[in-house]
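Visitor: Right, I'll just put the structure down here and ask away after.
2 protein chains.
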Amino acid sequence: MKFGIIGTGAVGGYYGGLLCRQGFETHFLLHSDYEHVMKNGLFIESKDGDFALGNVNAYNSPEDMPRCDIVLVALKTTANDSLASILPHVAKDDSIVVVLQNGLGVEADVRKVLPGATILGGLCFLCSNKIGPGHIRHLDFGSVRLGEFRDDGTAAGITPALDKVSRAFSQAGIPVDVTENLGLARWQKLVWNMAFNGVSVVLSATTRELMDDASSLSLVRDIMREVVEGARACGYDPGDNFIETMLDVTGKMVAYSPSMKLDFEAGRPLETDKIYRAPIMAARAAGFNMLKSEVIARQLEFLDRRNTRNAF
Amino acid sequence: MKFGIIGTGAVGGYYGGLLCRQGFETHFLLHSDYEHVMKNGLFIESKDGDFALGNVNAYNSPEDMPRCDIVLVALKTTANDSLASILPHVAKDDSIVVVLQNGLGVEADVRKVLPGATILGGLCFLCSNKIGPGHIRHLDFGSVRLGEFRDDGTAAGITPALDKVSRAFSQAGIPVDVTENLGLARWQKLVWNMAFNGVSVVLSATTRELMDDASSLSLVRDIMREVVEGARACGYDPGDNFIETMLDVTGKMVAYSPSMKLDFEAGRPLETDKIYRAPIMAARAAGFNMLKSEVIARQLEFLDRRNTRNAF
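For the record, the sequence lines run as chains U and D. Its first residue numbered 1, the first sequence is counted upward by one per residue in this note's numbering. Its first residue numbered 1, the second sequence is counted upward by one per residue in this note's numbering.
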């Protein structure tokens, strides 16, 4: 069973590293870190124990990669345009593609490129960063929720592909759970992401600061409520106590910078399209206007343009 | 005819300075600049010509001031709690109090202190800063729209008090126009202020930057539309082309930092209560929820607390 890791950063480097350590045949696509990883391998610094992978199958061109049975897509969604030039080289007819990305519409991006593929979505509850070439720092958490994608958004149930991938992840020590309803799981994750990712960028604040101030906490809770309403308009019910549970968990976390804040600080483009625009459009198509999220999205678009313009 | 100037900053120093220069008997209440102005007077640097007032009636305590016929309230609204200890010393039964402040509910703050007073609202279309002790820099514009306040928000018409104050202002060279409907005029000014003041703080951007980016321009326009809806819910109609006219004017202005942005950069508290909270509450009481403005208000409250905490 061959694994292909598309994007060897905080997410792909970490999960791919765990699979590789477990002995799975693993092929890593890299970009800027290619030379370094060819020479030095990968180093995973983890709260669960550091480990080095000295000799990894590294590629800087998808044409050179073998076709893989399971392909993990772990690019930033802002790079999804490149999937068209990558996936046809790495996937085969019976490959399973696992999309380890945030937001909505990410599996559909893969579907456009691979009309017949089996596609899973993977929601990563992971706190990790790439802190240098081939150097991943895993700070906390790490579980993955897997669900199979259906083009019409309905629940796929527990499928053979889900079984196969979740067994491999478990073997590699990745805490994994499976969901029958990927759409619901994606909206549930958006409840947190749409509240904390954008607001942490706009207000330049960690989760701790946002939880500790009455006004920002109200704002976060308001956005969460709006996302739950958006989810319901689209036919997914996150459940009654979902928001308070999320806030409870966040209140107990250490001060944390969401991925979008880290992207912003590093001058990388923001995943506003998948994390905000796609759900806002889906809800609107279902008759619900996410007005507060729209404010955050426009602020992010402005800040993103100014930030990335200044970076070059 | 005696004028009392409560707050000798960018607004009070400028308009009070023009009245004083014209020869009106003018009494200035100062705080931190008192010693300096006692010794050196006021200096008004203006695009229309600089002038110095060497010998001004300056006070650092309202108890020492004479009772005045016309009292200009030109404090930041964040200092309105102090009106209770100031106005009873400066006003008399037949005084006219002119409230030269932004936002909603500012005349009501004066009414609480002076139940029988004649109260005018004055909307300043003025770009000026206090750049040092007793030193005002007038950059652009300068007109004042005056209207008489009615406790129930209805149009007061053109009153004798309005006539009196507008004549004096005109004599002093202040471009002035009068409105029969102060409530409408305040909401019209809010269309601009609620869009540009808060967003310029949150995104740390001048009016020019906000006009030049498609996303921030959409955000500004959306908030303007929401304010117009809020005004209509409260019984005031800003008019059909009001928003596009405002945007047109703003697009032709030089890059400009709204007063709230200047306050923020100087570590001063923000006028969020009068410019956002009061209109949001008024609209809500009339059955309309200003959801987008609510997002901006909460962001401002968070930023304000962090900003002023850091300042001490």
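Note that beta-carbon positions come from the ideal geometry of N, C-alpha and C, so glycine has one too.
Which residue marks the beginning of the alpha helix (DSSP H) containing CYS20 (chain U), and which one marks its end?
Guide: Locating residue 20 (chain U) in the first sequence gives position 20, counting from the first residue. Start and end: 12 to 21.
Visitor: Write down the C-beta distance between ASN102 (chain D) and ILE275 (chain D) rounded to the nearest angstrom, noting that I regard them as a contact closer than 8 Å.
Guide: Here residue 102 (chain D) is taken as the residue at index 102 of the second sequence, counted from 1. Here residue 275 (chain D) is taken as the residue at index 275 of the second sequence, counted from 1. Contact flag correct, Cβ pair sits at about 6 Å.
Visitor: List the whole-angstrom C-beta distance separating MET224 (chain U) from GLY251 (chain U), where the pair is believed to meet the contact cut-off of C-beta under 8 Å.
Guide: In the first sequence, residue 224 (chain U) corresponds to position 224, counting from 1. In the first sequence, residue 251 (chain U) corresponds to position 251, counting from 1. At roughly 13 Å, the Cβ-Cβ gap does not stay under 8 Å, so MET224 (chain U) and GLY251 (chain U) are not in contact.
Visitor: Which one or two residues does DSSP pair with CYS124 (chain U) in a beta bridge?
Guide: Counting from 1 along the first sequence, the entry for residue 124 (chain U) is found at position 124. Looking at the DSSP assignment, CYS124 (chain U) forms a beta bridge with U:VAL144.
Visitor: Assuming GLY287 (chain U) contacts ALA233 (chain U) under a Cβ cut-off of 8 Å, what Cβ separation, rounded to an integer in Å, is found between them?
Guide: Position 287 of the first sequence, counted from the start, is the residue given in the question as residue 287 (chain U). Position 233 of the first sequence, counted from the start, is the residue given in the question as residue 233 (chain U). Between ALA233 (chain U) and GLY287 (chain U) the Cβ distance is about 6 Å, and since that is below 8 Å, they are a contact.
Visitor: Measure the alpha-carbon distance for SER61 (chain D) versus GLY4 (chain D) and round it to whole angstroms.
Guide: Sequence index remark: in the second sequence, residue 61 (chain D) carries index 61 (1-based). Sequence index remark: in the second sequence, residue 4 (chain D) carries index 4 (1-based). Using only the alpha carbons, I get a separation of about 12 Å.
Visitor: Pick out whichever of D:GLY235, D:SER166, D:ALA214 and D:GLU209 has its Cα sitting closest to the Cα of ASN181 (chain D).
Guide: Position 181 of the second sequence, counted from the first residue, corresponds to residue 181 (chain D). When the alpha-carbon of ASN181 (chain D) is set against those of D:GLY235, D:SER166, D:ALA214 and D:GLU209, the nearest one is in D:GLY235.
Visitor: Looking at the strands, I want to know which residues DSSP matches up with TYR256 (chain D).
Guide: Position 256 of the second sequence holds residue 256 (chain D). According to DSSP, TYR256 (chain D) bridges with nothing at all.
Visitor: Quick check: the region 33 to 48 of chain D against the region 70 to 84 of chain D, are at least 3 beta-carbon pairs closer than 8 Å?
Guide: No, they do not touch.
Visitor: Which residues in chain U have a C-beta closer than 7 Å to the C-beta of GLU301 (chain D)? List them in chain order.
Guide: Within the second sequence, numbered from 1, the residue matching residue 301 (chain D) stands at position 301. The contacting residues are SER215.
Visitor: So for ALA79 (chain D), helix, strand or coil by DSSP?
Guide: Start at 1 with the first residue of the second sequence, and residue 79 (chain D) comes out as number 79. Helix, per DSSP.
Visitor: For LYS292 (chain D), which residues in chain U fall below 8 Å Cβ to Cβ?
Guide: Mapped onto the second sequence, residue 292 (chain D) falls at position 292. By Cβ distance, chain U contributes LEU291, LYS292, GLU294 and VAL295.
Visitor: Name the residue from U:PRO66, U:LEU104, U:GLY105 and U:THR78 whose alpha carbon lies nearest to the alpha carbon of LEU87 (chain U).
Guide: For the purposes of this step, residue 87 (chain U) is taken as the residue at position 87 of the first sequence. The candidate whose alpha carbon is nearest that of LEU87 (chain U) is U:PRO66.
Visitor: Alpha carbon to alpha carbon, how far is ASP163 (chain U) from SER293 (chain U)?
Guide: Counting from 1 along the first sequence, the entry for residue 163 (chain U) is found at position 163. Counting from 1 along the first sequence, the entry for residue 293 (chain U) is found at position 293. Straight-line Cα distance between these residues: approximately 35 Å.
Visitor: Between THR8 (chain D) and PHE24 (chain D), is the Cβ-Cβ spacing less than 7 Å?
Guide: Here the question's residue 8 (chain D) lines up with position 8 in the second sequence. Here the question's residue 24 (chain D) lines up with position 24 in the second sequence. For THR8 (chain D) and PHE24 (chain D), no; Cβs fall outside 7 Å.
Visitor: Identify the contact partners of VAL202 (chain D) in chain U, using a Cβ-Cβ distance below 7 Å as the criterion.
Guide: For the purposes of this step, residue 202 (chain D) is taken as residue 202 along the second sequence, with counting starting at 1. Chain U residues near VAL202 (chain D): VAL202 and GLN299.
Visitor: Quick one: list the residues of chain U neighbouring ARG305 (chain D), beta-carbon separation under 7 Å, in chain order.
Guide: Within the second sequence, the letter at position 305 stands for residue 305 (chain D). What ARG305 (chain D) touches in chain U: ASP213.
Visitor: Return the bridge partner residues of THR118 (chain D) from the DSSP annotation.
Guide: Along the second sequence, read from residue 1 onward, the residue named residue 118 (chain D) stands at position 118. Paired residues: D:ILE96.
Visitor: Would you tell me roughly how many angstroms separate the C-alpha atoms of TYR14 (chain U) and ALA168 (chain U), rounded to the nearest one?
Guide: Mapped onto the first sequence, residue 14 (chain U) falls at position 14. Mapped onto the first sequence, residue 168 (chain U) falls at position 168. Distance between the alpha carbons of TYR14 (chain U) and ALA168 (chain U) is about 15 Å.
Visitor: Going along chain D in order, which residues have a C-beta closer than 7 Å to the C-beta of SER218 (chain U)?
Guide: Counting from 1 along the first sequence, the entry for residue 218 (chain U) is found at position 218. In chain order: ARG298.
Visitor: Classify GLU45 (chain U) as helix, strand or coil using the three-state DSSP reduction.
Guide: Position 45 of the first sequence, counting from 1, holds the residue named residue 45 (chain U). GLU45 (chain U): strand per DSSP, three-state reduction.
Visitor: On the DSSP letters alone, give me the boundaries of the alpha helix (DSSP H) that ILE5 (chain D) sits inside.
Guide: Residue numbering aside, residue 5 (chain D) sits at position 5 when the second sequence is read from its first letter. Where ILE5 (chain D) is concerned, there is no enclosing alpha helix (DSSP H), although the beta strand (DSSP E) it sits in stretches over 2 to 6.
Visitor: So, with DSSP's three-state summary, where would you put GLU209 (chain D)?
Guide: Position 209 of the second sequence, counting from 1, holds the residue named residue 209 (chain D). Correct three-state label for GLU209 (chain D): helix.
Visitor: Between D:PHE141, D:ALA161 and D:VAL201, which has its C-alpha nearest GLY173 (chain D)'s C-alpha?
Guide: Here residue 173 (chain D) corresponds to residue number 173 of the second sequence, with the count starting at 1. Considering only alpha carbons, the answer is D:PHE141.
Visitor: On the CB-based measure, 16 or more other CB atoms within 10 Å of its CB, does VAL254 (chain D) come out buried or exposed?
Guide: For this step, residue 254 (chain D) is matched to residue 254 along the second sequence. Exposed, by the Cβ-count rule.
Visitor: Would you mind sorting MET246 (chain U) into buried or exposed? The rule is 16 or more other CB atoms within 10 Å of its CB.
Guide: As a working mapping, residue 246 (chain U) is identified with position 246 in the first sequence. Buried, because 16 or more other Cβ atoms sit within 10 Å of the Cβ of MET246 (chain U).
Visitor: Between the C-alpha atoms of GLN299 (chain U) and GLY267 (chain D), what's the straight-line distance to the nearest angstrom?
Guide: The sequence position of residue 299 (chain U) within the first sequence is 299, counting from 1. The sequence position of residue 267 (chain D) within the second sequence is 267, counting from 1. Going by the C-alpha atoms only, they are around 23 Å apart.
Visitor: Does DSSP put ARG268 (chain U) in a helix, a strand or coil?
Guide: Within the first sequence, numbered from 1, the residue matching residue 268 (chain U) stands at position 268. The answer is coil: DSSP assigns ARG268 (chain U) none of H, G, I, E or B.
Visitor: In the region 179 to 229 of chain D, which residue ranges form an unbroken alpha helix (DSSP H) of at least 4 residues, counting only runs that do not cross its ends?
Guide: At a cut-off of 4 residues, the continuous stretches assigned as alpha helix (DSSP H) that sit fully inside the region 179 to 229 of chain D are 182 to 202 and 207 to 212.
Visitor: Report the rounded CA-to-CA distance for ALA156 (chain U) versus GLY183 (chain U), giving the unit in angstroms.
Guide: For the purposes of this step, residue 156 (chain U) is identified with residue 156 of the first sequence, where counting begins at 1. For the purposes of this step, residue 183 (chain U) is identified with residue 183 of the first sequence, where counting begins at 1. About 10 Å.
Visitor: Considering only their Cβ atoms, is the gap separating VAL98 (chain U) from GLY116 (chain U) smaller than 7 Å?
Guide: In the first sequence, counting from the first residue as 1, residue 116 (chain U) sits at position 116. In the first sequence, counting from the first residue as 1, residue 98 (chain U) sits at position 98. In this structure, VAL98 (chain U) does not lie closer than 7 Å to GLY116 (chain U) by Cβ.
Visitor: Starting from CYS68 (chain U), follow its DSSP beta bridges and name the residues at the other end.
Guide: Counting from one through the first sequence, the residue named residue 68 (chain U) turns up at place 68. For CYS68 (chain U), which the question treats as bridged, DSSP gives no partner whatsoever.
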